[in-house]
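Participant: Quick one: the structure is below, and I'll ask about it shortly.
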Amino acid sequence: ARINSCARRAQAHELILAQRDGYQTMIGPSDRTLSGGERQRIGLARAFYGNPRILVLDEPSSHLDGSGEAALEVVLVAARAAGVTILVITHRPSIATACDRVMVLRGGVIEAFGPSAEVLRRSTVDRGAGNAPAAQQGTVVTGSFAPMIRTHGIRFGS
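All letters in the sequence shown, in the order written, are residues 1354 to 1511 by my numbering.
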């Protein structure tokens, strides 16, 4: 029941049921039956199995299509609502909008930090309408952070 619940939470339940042996399907590192996005959903279900308080996701949308990315956003919102602190490293602003705060890093330097809508809007304006948003040009660290982050002695408040 717990495995089933975690798969549902990660929006992986239906894709597991679609496998020939359902939840009994054997999947290995060289197995080609799952796409990259499906593997990521299974990985997320595995992470939920441990009932994490903190979840770190590095490029969680890298192999997802539009529907997979939308499902990931639903999963992130639900995890946040359940009290999970989520740290997402991504180059995709669409994922960043699902988070409370966004930190834009460029060349290892913090370029912007604050509420996601404000930072993403400001980054787009700063880059000009014809260019990609800063979030697409640099690394975006997003998440439902604690009210304060300390980096190199600098205090960023909410």
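Where is the CB? At the ideal position from N, CA and C, for every residue including glycine. Please read all numbers here as calculations on a predicted model, not as lab measurements.
(1) So, with DSSP's three-state summary, where would you put residue 1464?
(2) Which stretch, first to last residue, makes up the alpha helix (DSSP H) that contains residue 1397?
(3) When the Cα of residue 1424 is compared with those of 1398, 1440, 1437 and 1442, which residue comes out closest?
(4) Is it the case that the Cβ atoms of residue 1416 and residue 1383 are separated by a distance below 8 Å?
(5) Give me the Cβ distance between residue 1430 and residue 1400, rounded to the nearest whole Å; I'm assuming they're in contact under 8 Å.
(6) Report the three-state DSSP secondary structure of residue 1417 (helix, strand or coil).
Facilitator: Well, looking at it:
(1) strand
(2) 1389 to 1402
(3) 1398
(4) no
(5) Contact flag wrong, Cβ pair sits at about 16 Å.
(6) coil
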